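Colleague: First the structure, then my questions, so here it is.
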Amino acid sequence: MITIQPNSKPWQHLSSSTLNCQLFHVSSETKKLSFGTVTCNSIKDQDNKKAKIKRLVLSQEGRTKLDIRPDKQFYDYPRFVTHVDDKFISTLTSVYREKLRPDTEIFDLMSSWISHLPEDIQYKRVVGHGLNAQELARNPRLDYFFVKDLNQDQDFELESCSFDAVLCTVSVQYLQQPEKVFAEVCRILRPGGVFIVSFSNRLFYEKAISAWREGTAYSRVQLVTQYFQCVEGFTQPETIRKLPGTGGGIQEEKSPLSWIMGLLGLMSGSDPFYAVIAYKNFKPIYD
Numbered sequence: 001m002i003t004i005q006p007n008s009k010p011w012q013h014l015s016s017s018t019l020n021c022q023l024f025h026v027s028s029e030t031k032k033l034s035f036g037t038v039t040c041n042s043i044k045d046q047d048n049k050k051a052k053i054k055r056l057v058l059s060q061e062g063r064t065k066l067d068i069r070p071d072k073q074f075y076d077y078p079r080f081v082t083h084v085d086d087k088f089i090s091t092l093t094s095v096y097r098e099k100l101r102p103d104t105e106i107f108d109l110m111s112s113w114i115s116h117l118p119e120d121i122q123y124k125r126v127v128g129h130g131l132n133a134q135e136l137a138r139n140p141r142l143d144y145f146f147v148k149d150l151n152q153d154q155d156f157e158l159e160s161c162s163f164d165a166v167l168c169t170v171s172v173q174y175l176q177q178p179e180k181v182f183a184e185v186c187r188i189l190r191p192g193g194v195f196i197v198s199f200s201n202r203l204f205y206e207k208a209i210s211a212w213r214e215g216t217a218y219s220r221v222q223l224v225t226q227y228f229q230c231v232e233g234f235t236q237p238e239t240i241r242k243l244p245g246t247g248g249g250i251q252e253e254k255s256p257l258s259w260i261m262g263l264l265g266l267m268s269g270s271d272p273f274y275a276v277i278a279y280k281n282f283k284p285i286y287d
């Protein structure tokens, strides 16, 4: 059971050292926040079983970052900017419109001040996670959010089988323990639930892991695909690519030269769009 306590201030910083986890509730009417303390044992069912990690994808060197400071320090200052261009965002919103059903429960992993969900579609509940509370508090789509450094602790402290979809937008490149994070995503998804990981070629270079920094567009797609494949319970991942100059829609470019150049990250212009998608146990079929 989660106990929510009222907070009369619009926002206040709480030291993570004093709480097991910080859970914030965002009121759409007052634009204020309330918060409560989440105890791991009160959230996690004792019978919950973690998804099995079949193998490790990254070497120890592949997990390293140039900036070794704790991520919380790097993200302590809010950045109210979009990290990808309008075409990327439009494509991502179209993917969400196609893949996410109304009135479902969504977990926005490594979120920010905007979730890019279709504005005209209502969802039952959207829970966000990130490293900057001010950014998350600004996000109009979040009903609740919590702050946590997943490179320090990969447990979500959320009930198993509690979400229909999990989203991770332009952030997967910063995970140093992606196998454990993807296993946790699998645990909290309901059977048939979808995990959508989207990214482009932009990044905070000093905070991205070595395996991502040194890779090409093609190898990064393969890397995320392997993250899914290393966890028991996900379906075979599918990939959506929209490269610069391919026009509208989310179909992949048919020109072999453009396709190869895009995979290698050699095309200029708007941000390339990549999404790797898989489901827990099975891919549902809707009428």
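Going by the UniProt record's numbering, the sequence shown wraps up at 287, each residue one higher than the last. Even glycine gets a Cβ: it sits at the ideal position worked out from N, Cα and C. Because the structure is a prediction, the values reported are computed rather than measured.
1. Is E119 closer than 8 Å to residue 365 when the C-beta atoms are compared?
2. Kindly list the residues whose CB is nearer than 6 Å to the CB of K87, restricted to its own chain and excluding five residues on each side of it in sequence; keep chain order.
3. Residues in the same chain with beta-carbon distance under 7 Å from K50, minus the five sequence neighbours each way, listed in chain order, please.
4. Please go through the region 95–142 and give each complete beta strand (DSSP E) segment of 3 or more residues, from N-terminal end onward.
5. Check whether the region 156–174 and the region 106–121 are in contact - that is, three or more C-beta pairs closer than 8 Å.
6. Report yes if the C-beta distance between L131 and K65 is below 8 Å; otherwise report no.
7. Along the chain, where does the alpha helix (DSSP H) containing V221 start, and where does it finish?
8. Please determine, among E105, D76 and V197, the residue with the shortest C-alpha to C-alpha distance to C161.
9. Name the one or two DSSP bridge partners that Y274 has.
10. Can you tell me the Cα-Cα spacing of Q212 and R220, whole angstroms?
11. For C186, does the three-state DSSP call read helix, strand or coil?
12. Taking D85 as part of the beta strand (DSSP E), name the residues at either end of that continuous run.
13. Under a Cβ-count criterion, where at least 16 other Cβ atoms within 10 Å of its own Cβ denotes burial, should R101 be classed as buried or exposed?
14. Taking P284 as the reference, give the member of V126, P272, R55 and V194 with the closest Cα.
15. Roughly how many angstroms separate the alpha carbons of A275 and Q236, rounded to a whole number?
16. What number of angstroms, rounded off, separates the C-alpha of V197 from the C-alpha of E61?
17. Considering only the alpha carbon of each residue, which of Y174, T93 and I121 lies closest to I209?
18. Distance check for E214 and Y227, CA to CA, integer angstroms please.
19. Put V147 into one of helix, strand or coil per three-state DSSP.
20. Output the distance between the C-alpha atoms of F273 and K99, rounded to the nearest integer angstrom.
21. In angstroms, rounded to a whole number, what distance separates the CA positions of L264 and I240?
22. Give me the DSSP bridge partner(s) of K280.
23. Quick one, which of T225, L136 and Q122 has its alpha-carbon nearest residue 293's?
24. CB V126 to CB D103, shorter than 8 Å?
25. Using the rule of at least 16 other Cβ atoms within 10 Å of the residue's Cβ for burial, across every protein chain shown, is T216 buried or exposed?
26. DSSP on I285, reduced to helix/strand/coil?
27. Taking just the CA atoms, how far does Q134 sit from V84?
28. In three-state terms, what does DSSP make of L167?
29. In the DSSP assignment, what residue or residues form a beta bridge with V172?
Modeller: The relevant details are as follows:
1. Nothing about residue 365 can be read from this structure; the chain reaches only from 1 to 287.
2. S270
3. A183 and R187
4. 105–109 and 125–130
5. yes
6. no
7. A217 to Q229
8. E105
9. F199 and R241
10. Here residue 212 is Trp; the residue named in the question, Gln, does not match the sequence. Spanning the two alpha carbons is a distance of roughly 6 Å.
11. helix
12. Counting along the chain, D85 falls outside any beta strand (DSSP E), and DSSP gives it neither H nor E.
13. exposed
14. V194
15. 14 Å
16. 23 Å
17. Y174
18. 17 Å
19. strand
20. 16 Å
21. With a pLDDT of 48 at L264, under the threshold of 50, the predicted position of this residue should be treated as unreliable, and no value is reported.
22. F234
23. Here the chain has residues from 1 to 287 only, and residue 293 is not among them.
24. no
25. exposed
26. coil
27. 20 Å
28. strand
29. Answer is none; V172 lacks a bridge partner.
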